[in-house]
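First residue of the sequence shown: 12, per my numbering; consecutive thereafter.
Think of the CB as a built atom: it goes at the ideal place given N, C-alpha and C, for glycine as much as any other residue.
In this text, all values refer to a predicted model and were calculated from it rather than measured experimentally.
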Amino acid sequence: MLKFKKTPEIVLDEKTASKILEQVFEKNKVEPNSIPLEVLTSYSSYRKERFALQRTVLVIMMVMFLMLPFLFIAPSFTVDSQSEEYTSTPVYDLTVDSIMPVSRITATIDGRNTPVYEVDAHKYSIEPAVNGQMDVTVTLINKQQKTVTVTVGNVDTEVPMLVSNDWDKDNFYLNLSDNGSGINFAEIKAVDTKGRTIKPVSYNEATGRVIFKYPDEALNVYIPDNAGNTLQLALSVT
12 MLKFKKTPEI
22 VLDEKTASKI
32 LEQVFEKNKV
42 EPNSIPLEVL
52 TSYSSYRKER
62 FALQRTVLVI
72 MMVMFLMLPF
82 LFIAPSFTVD
92 SQSEEYTSTP
102 VYDLTVDSIM
112 PVSRITATID
122 GRNTPVYEVD
132 AHKYSIEPAV
142 NGQMDVTVTL
152 INKQQKTVTV
162 TVGNVDTEVP
172 MLVSNDWDKD
182 NFYLNLSDNG
192 SGINFAEIKA
202 VDTKGRTIKP
212 VSYNEATGRV
222 IFKYPDEALN
232 VYIPDNAGNT
242 LQLALSVT
């Protein structure tokens with residue numbers, strides 16, 4: 012195998028190089044250079060440094076030009092409810108479709124902030140506590156933002172309401188109403204002092220009237236709605 016040894020580069024000092032240059036001028040009967048060699052050398056170094064600076068500035072300008080379109084990319088996202096049914100704790104899914112990182116997400120209803128939680132990359136959940144117009148704003152790292160308004164109408168945190176009650180010697184009557192998710196009549200029950208469960212004799216969903224047999228002892232009556240809110244009434248025997 013042949014091996015080639017690299018010949019070391021020969022570098023002349025300025026004094027020697029200047030002397031050789033004078034001899035060349037003298038040999039060729041040329042008028043000696045009026046500018047010292049060290050000045051020419053320093054000027055050459057200055058040109059190289061200036062060229063390097065210009066090239067660096069040019070590269071930076073090209074990079075900025077290529078990145079310019081990204082500075083105006085606006086966020087794209089969707090907001091969807093996990094359920095259209097009434098609930099006390101509704102959850103809305105927010106999915107951001109953008110190659111740019113997300114800087115900030117806000118959700119407000121009537122000026123009040125609504126919690127926003129990050130659940131995955133570019134995926135978030137919003138949990139409004141009241142009904143109304145929810146403004147969701149997504150801001151990207153390039154300061155571009157977009158706002159989408161979503162109507163929230165499936166929040167129910169109110170218990171059913173007792174409108175009136177009356178009784179006779181046989182039955183106890185409850186007249187109920189609920190302006191949210193509606194009363195869950197099938198789950199209405201009463202519990203006596205011994206822990207026994209007593210179901211209504213009958214109920215009418217259209218009128219909201221519930222009938223219990225007149226109790227022999229005190230009862231706790233539980234009236235839930237379809238969102239899980241429960242009205243508790245204490246019936247005492249007189």
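(message) Could you tell me the alpha carbon to alpha carbon distance between Pro112 and Val102, rounded to whole angstroms?
(response) 23 Å
(request) Give me the Cβ distance between Phe196 and Tyr214, rounded to the nearest whole Å; I'm assuming they're in contact under 8 Å. (result) 5 Å
(request) Identify the continuous beta strand (DSSP E) that holds Met172 and give its terminal residues. (result) 172-178
(request) Under 6 Å Cβ to Cβ from Leu230, same chain only, skipping five residues before and after it: list those, please. (result) Ala201, Asp203, Leu246
(message) For Tyr233 and Gly143, what's the separation of their Cα atoms in angstroms?
(response) 29 Å
(message) Please classify Met73 as buried or exposed, where buried requires at least 16 neighbouring CB atoms within 10 angstroms.
(response) exposed
(message) Could you tell me which whole alpha helix (DSSP H) segments of length 4 or greater appear in the segment 91-162?
(response) none
(request) Provide the residue span of the beta strand (DSSP E) that contains Lys10, from first to last. (result) Past the boundaries of the shown model lies residue 10; the chain is included only from 12 to 249, so the question cannot be answered.
(message) I'd like to confirm the pairing. Which residues does DSSP put opposite Val166 in its beta bridges?
(response) Thr98
(request) Spell out a yes or no on whether the segment 139-153 and the segment 182-190 are touching, meaning 3 or more CB-CB pairs, one atom from each, closer than 8 Å. (result) no
(request) State whether the segment 93-109 contacts the segment 123-141, with contact taken as three or more CB pairs (one from each stretch) at a distance under 8 Å. (result) yes
(request) Report the partner residues of Pro235 according to the DSSP bridge assignment. (result) Thr241
(message) Nearest by alpha-carbon distance to Thr106: which of Ile222, Thr89, Ile152, Thr150 is it?
(response) Thr89
(message) So the candidates are Tyr97, Lys157, Thr241; which of them puts its Cα closest to the Cα of Pro86?
(response) Lys157
(message) Taking 9 Å as the threshold (C-beta atoms), are Ile84 and Leu151 in contact?
(response) yes
(message) Asn240 and Thr125 - do their beta-carbons sit closer together than 9 Å?
(response) no
(request) Take the Cβ of Asp227 as the centre, count every other Cβ of all protein chains shown within 10 Å, and call the residue buried at 16 or more, exposed below. (result) exposed
(message) Looking only at its chain, what residues have a beta carbon closer than 6 Å to the beta carbon of Glu129, apart from the 5 residues adjacent to it on each side?
(response) Tyr135
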